[in-house]
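Contents: one structure, followed by commentary.
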Amino acid sequence: MAPSTRNAHVRSRRVYGQNLLTAPAAVRRLVDAAGLDPSTLVVEVGAGRGHVTAALAERCRRVIAYEVDPGLAAALPARDGVTVRVADFLAARPPAAPFAVVGNIPYALTSAVVDWCLHAPGLTGATLLTQLEYARKRTGDYGRWSRLTIATWPWWDWRLAGRVPREAFRPVPRVDGGILRLTRRPSPLAPARGYAAFVELGFSGVGGSLHASLCRRHDPRRVSGAFRALRLAPDTPVGLVWPEQWLTLFRLLQQRSR
Numbered sequence: 030m031a032p033s034t035r036n037a038h039v040r041s042r043r044v045y046g047q048n049l050l051t052a053p054a055a056v057r058r059l060v061d062a063a064g065l066d067p068s069t070l071v072v073e074v075g076a077g078r079g080h081v082t083a084a085l086a087e088r089c090r091r092v093i094a095y096e097v098d099p100g101l102a103a104a105l106p107a108r109d110g111v112t113v114r115v116a117d118f119l120a121a122r123p124p125a126a127p128f129a130v131v132g133n134i135p136y137a138l139t140s141a142v143v144d145w146c147l148h149a150p151g152l153t154g155a156t157l158l159t160q161l162e163y164a165r166k167r168t169g170d171y172g173r174w175s176r177l178t179i180a181t182w183p184w185w186d187w188r189l190a191g192r193v194p195r196e197a198f199r200p201v202p203r204v205d206g207g208i209l210r211l212t213r214r215p216s217p218l219a220p221a222r223g224y225a226a227f228v229e230l231g232f233s234g235v236g237g238s239l240h241a242s243l244c245r246r247h248d249p250r251r252v253s254g255a256f257r258a259l260r261l262a263p264d265t266p267v268g269l270v271w272p273e274q275w276l277t278l279f280r281l282l283q284q285r286s287r
């Protein structure tokens with residue numbers, strides 16, 4: 030690559046926040062985590078130089094690869110079944126047919142990409158290479174659970190599917206990557222409206238605990254009874270309550286409030 034071309038790619042990576050995944054073993058780990066079959070329609074976020082794109086094309090007959098950098102998109106080799114779109118993934122309309130998302134995403138856009146996935150009607154699952162810290166935080170790997178995970182748990186299963194060392198990227202980022210796996214549940218575990226209000230109340234922060242927050246709208250005796258049934262101490266911080274415990278509390282308090 031000529032020096033001027035190389036410098037252009039370096040500037041482009043800085044603009045778009047790209048750390049390209051180049052290590053073959055890491056590429057395989059990401060694609061393996063997606064659990065794809067040949068019939069799956071895959072939408073790739075950030076094709077880069079096509080390392081992940083090529084691996085996806087070997088597994089699936091249809092791949093739509095988004096790459097916002099025109100220079101990188103133009104250099105992607107033509108492959109059967111692969112459609113390259115030089116466009117912003119975040120501005121794209123989700124496919125009408127069921128589909129999966131896979132991508133080594135720019136770390137600065139992680140929250141936006143995850144939000145896009147959570148609101149895409151036909152999405153069956155997303156396998157995203159994010160900062161390891163983000164993936165661990167969203168999947169409870171630190172022993173704490175975030176509001177986003179709790180709020181979406183009835184519809185989405187969040188899992189940490191692997192760790193990717195920072196040396197697998199070019200340029201090398203400051204931190205390791207984590208493979209975040211989002212899978213849509215076949216059937217919701219709770220009704221949308223009631224559960225959303227319940228989570229909002231629980232994370233309101235009154236009294237510094239979930240128990241104190243729930244007592245604002247529910248009979249304190251019933252809240253205490255539900256906590257005893259789950260063997261949860263009343264002073265348990267909200268972040269330490271597991272998603273399954275949230276669902277049980279919701280069911281118990283909803284049943285008793287009717």
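In this note's numbering, the protein residues as written are 30 to 287. For glycine and all other residues, C-beta sits at the position ideal for the given N, C-alpha and C. Since the model is a prediction, treat every value here as computed from it, not as a measurement.
I need the boundaries of the beta strand (DSSP E) containing TYR95, first residue and last residue.
91-95
Just curious, the alpha helix (DSSP H) that ALA223 is in, first and last residue?
It should be noted that the sequence gives Gly, not Ala, for residue 223. Per DSSP, GLY223 belongs to the alpha helix (DSSP H) from 221-231.
Nearest-angstrom Cα separation, counted from LEU261 out to ASP205
34 Å
Tell me, to the nearest whole angstrom, how far the beta carbon of LEU243 is from that of VAL252; I am working on the premise that it is less than 8 Å.
5 Å
May I ask you to list the residues that DSSP assigns as paired with GLY132?
VAL74 and LEU157
Spatial distance of HIS38 from LEU101 (CA atoms):
Here the model assigns HIS38 a pLDDT of 43, short of 50, so the residue's position is not dependable, and the following value carries that caveat. HIS38 and LEU101: Cα-Cα distance of roughly 8 Å.
Please report the straight-line C-alpha distance between GLY236 and ALA120, rounded to a whole angstrom.
41 Å
Sequence ranges, alpha helix (DSSP H) only - wholly within the segment 139-226, length at least 4
139-147, 161-167 and 176-181
Straight-line CA distance for LEU65 to LYS166?
25 Å
Rounded to a whole number of angstroms, what is the C-alpha to C-alpha distance between ARG280 and ILE93?
41 Å
Thinking C-alpha only, which one of TRP275, PRO106, ALA84 and GLY77 is nearest ARG57?
Closest by alpha carbon: ALA84.
Is VAL113 helix, strand or coil when you go by DSSP?
strand
Rank PHE198, PRO124 and HIS247 by C-alpha distance to the C-alpha of VAL71 and give the top, closest one.
Selected option, being the one with the closest Cα: PRO124.
DSSP-derived helix/strand/coil call for LEU49
strand
Which residues mark the beginning and the end of the alpha helix (DSSP H) in which THR82 is found?
80-88
Between THR86 and the rest of its own chain, which residues show a CB-CB distance below 7 Å, the 5 nearest in sequence each way excluded?
At residue 86 the sequence reads Ala, which differs from the Thr that was named. Here the set comprises VAL92, ARG108, GLY110 and VAL111.
How big is the Cα-Cα spacing for ALA31 and ALA104?
Note that ALA31 has pLDDT 44, beneath the 50 cutoff, so the model's placement of it is unreliable and the number below is only indicative. Approximately 15 Å, taken between the alpha carbons.
According to DSSP, simplified to helix, strand and coil, what is VAL39?
The predicted position of VAL39 is uncertain, since its pLDDT is 43 and thus under 50; no value can be drawn from it.
So, GLY154 versus ALA129, is the Cβ gap smaller than 8 Å?
yes
Counting C-beta neighbours from all protein chains within 10 Å, is the total for GLY207 16 or more, i.e. buried, or is it exposed?
buried
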